[in-house]
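S.K.:
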Amino acid sequence: MEVLRLHNLQKSFGSVRALKSASFTLNEGEVVALLGDNGAGKSTLIKAISGVFPVDRGDIYVRGQKVSIRSTRDAMDLGIETIHQDTSLAPDLSIARRADRDFLAAHIDV
């Protein structure tokens, strides 16, 4: 089952084109990695689908439905969040425990 599909995403910052027609499909149960040289657009792509900034062009589909992600809240409501690899705040936690911590922090009003 298709969980996430990106079709021809484009993002520019002034005259710098950070994403040019980025497309891929993520199916349920798949584990994927984003690989590329510095400046290839990996971080830009992740920030765009997690709502840090909107894409200029292209379509995002979540479970087959076309969606508009204009904020991190929009992305979170769709189940899309970024878990950063910085371990300095909790060096003894496993990746799974860090993910749980980040998820809870994002969803509980303190």
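For the sequence shown, our numbering assigns the number 7 to the initial residue and increments by one for each residue that follows.
We put the CB at the ideal spot given by N, CA and C, even for glycine.
Here the structure is a predicted model, which means the values were calculated and not measured.
#1: Evaluate residue 39 with the Cβ neighbour count: other Cβ atoms within 10 Å of its Cβ, from every protein chain shown; 16 or more gives buried, anything less gives exposed.
#2: Taking the continuous alpha helix (DSSP H) assigned at residue 24, which residues delimit it?
#3: Would you mind sorting residue 66 into buried or exposed? The rule is 16 or more other CB atoms within 10 Å of its CB.
#4: Considering only residues of the stretch 39-77, which uninterrupted beta strand (DSSP E) runs meet the minimum length of 3 residues and lie entirely inside it, listed in chain order?
#5: For residue 68, does the count of other Cβ atoms within 10 angstroms reach 16, so buried, or fall short, so exposed?
M.R.: So, to answer that:
#1: With fewer than 16 neighbouring CB atoms inside 10 Å of its own CB, residue 39 falls in the exposed class.
#2: Boundaries around residue 24 are those of the beta strand (DSSP E), 22-33, since no alpha helix (DSSP H) includes it.
#3: Residue 66 comes out buried.
#4: You should have 63-68 and 71-73.
#5: Looking at its Cβ environment, which holds 16 or more other Cβ atoms inside 10 Å, residue 68 is buried.
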